[in-house]
Amino acid sequence: MKRVLITGANSGIGLQLARDYHRDGWQLVACGRHREKLEQALAGIDGELCVFDMLQPESIQQAASELSPLDLVILNAGNCEYIDDAGRFDAELFARVINTNLIGTANCLAAMIPRIKRGGRIAVVSSSVTFLPLTRAEAYGASKAGLDYLTRTLAIDLAPHHIAVSLIRPGFVDTPLTRKNDFPMPGRVSPEQASAAIRKGLAKGKSEISFPFGFITVLRLLSWLPHWLWTRLARRTVRNDQ
314 MKRVLITGAN SGIGLQLARD YHRDGWQLVA CGRHREKLEQ ALAGIDGELC
364 VFDMLQPESI QQAASELSPL DLVILNAGNC EYIDDAGRFD AELFARVINT
414 NLIGTANCLA AMIPRIKRGG RIAVVSSSVT FLPLTRAEAY GASKAGLDYL
464 TRTLAIDLAP HHIAVSLIRP GFVDTPLTRK NDFPMPGRVS PEQASAAIRK
514 GLAKGKSEIS FPFGFITVLR LLSWLPHWLW TRLARRTVRN DQ
């Protein structure tokens, strides 16, 4: 029986992935910071709970040392905060987001890569925000752009170790995190739809998984615009929102 480890498994995309992989017959290792939240979210689901703080490498290493070998690791946990006034740039917020999304993922990689079986796979959840520079997303976008580069580089360097790597870039997914957003979210999909897209892509061995198709297509087309033109359009959007 195959084994999958999922971080951020107590809510949102991570929780839905945990439910679906368990339903499909995988052995589940569900990770989070708080055991109580994991137990409540995954009530009725047989699985191994792995409790650690992504910002505490020793905590992750200790938890990982007790794990049996894994076929699939999905690093999904992360956070989102926006810089509302760039004129008063919030360096503490920036560092907080970078540490959670980028450094926290690196900490997990250091602990989990040795636990992955030959022929296994790592999947890192980034974001479609990396297609374009978007207003207020200095911290979130930078953290996810870092994940993109990290993941694509790992795909090259882990190949000789017979470990495959996938980059996942969702659009807007209806989760507790995105419900805090105060702006329109075109193309928003449900956690069930997100899980289906991710699992289908991973089953096919895709190196990059972006969804939903229509929203991603629009972003790709906009990303081909000259930088000066996109900047002008984005500035106009900011002015209209003020």
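Numbers given in the working numbering equal positions in the sequence shown, counted from 1, plus 313. Built from N, CA and C at the ideal position, the CB exists for glycine as well.
Where the alpha helix (DSSP H) containing residue i begins and where it ends
i: G454; result: 451 to 470
i: C421; result: 417 to 425
i: I326; result: 325 to 336
i: V442; result: No alpha helix (DSSP H) holds V442; DSSP gives it neither H nor E.
i: A376; result: 370 to 378
Residue i, buried or exposed, once every other Cβ within 10 Å from all chains shown has been counted against 16
i: W537; result: exposed
i: N494; result: exposed
i: P489; result: exposed
i: P483; result: buried
i: N553; result: For N553, the predicted model reports a pLDDT of 49, less than 50, meaning its position is unreliable and no value from the coordinates is stated.
i: G338; result: exposed
i: R549; result: exposed
i: D508; result: A small correction: the amino acid at residue 508 is Ser; Asp does not occupy that position in the sequence shown. Buried is the call here.
i: T466; result: exposed
i: A510; result: buried
i: I469; result: exposed
i: K517; result: exposed
i: T443; result: buried
i: K457; result: buried
i: M314; result: exposed
i: F526; result: exposed
i: R582; result: Residue 582 is absent from the structure shown; the chain starts at 314 and stops at 555.
i: S441; result: buried
i: L341; result: buried
i: I546; result: With the sequence shown as reference, residue 546 is identified as Leu, and Ile is not the correct amino acid for it. L546 is exposed by the Cβ-count criterion.
i: F365; result: buried
i: L559; result: Because the chain here runs from 314 to 555, residue 559 falls outside it and cannot be looked at.
i: G357; result: exposed
Bridge partner(s) assigned by DSSP for residue i
i: C297; result: For residue 297 there is no data in the structure shown, the boundaries of the chain being 314 and 555.
i: V410; result: Its beta-bridge partners do not exist; DSSP assigns none.
i: L385; result: V317, R434
Opening and closing residue of the beta strand (DSSP E) in which residue i lies
i: R431; result: 429 to 438
Any non-hydrogen atom of the ligand SAH closer than 7 Å to residue i Cβ
i: G432; result: Among the components modelled here there is no ligand, and therefore nothing to report on the ligand SAH.
is_contact[residue i, chain D] using C-beta, thresh 8 Å
i: S439; result: Within the model displayed, chain D is absent; a lone protein chain is all it includes.
Sufficient close CB pairs (3 or more, under 8 Å) joining the segment 379 to 396 to the segment 415 to 431: Yes: the two stretches touch, three or more of their Cβ pairs being nearer than 8 Å.
Segments assigned alpha helix (DSSP H), at least 4 residues, entirely inside the segment 466 to 536: Runs of the alpha helix (DSSP H) inside the segment 466 to 536: 504 to 516, 526 to 536.
message: Three Cβ pairs or more, each shorter than 8 Å: is that satisfied between the segment 393 to 402 and the segment 325 to 345?
response: Segments in contact, no.
message: So, does the segment 341 to 358 touch the segment 406 to 414, judging by three or more C-beta pairs under 8 Å?
response: The segment 341 to 358, when compared against the segment 406 to 414, does not touch it at the 8 Å Cβ threshold.
- prompt: Pairing CB atoms from the segment 461 to 469 with CB atoms from the segment 497 to 512, are three or more of them under 8 Å?
  reply: No, the segment 461 to 469 is not in contact with the segment 497 to 512.
message: Check whether the segment 508 to 526 and the segment 470 to 483 touch, using three or more Cβ-Cβ pairs below 8 Å as the test.
response: Result yes; three or more Cβ-Cβ pairs closer than 8 Å.
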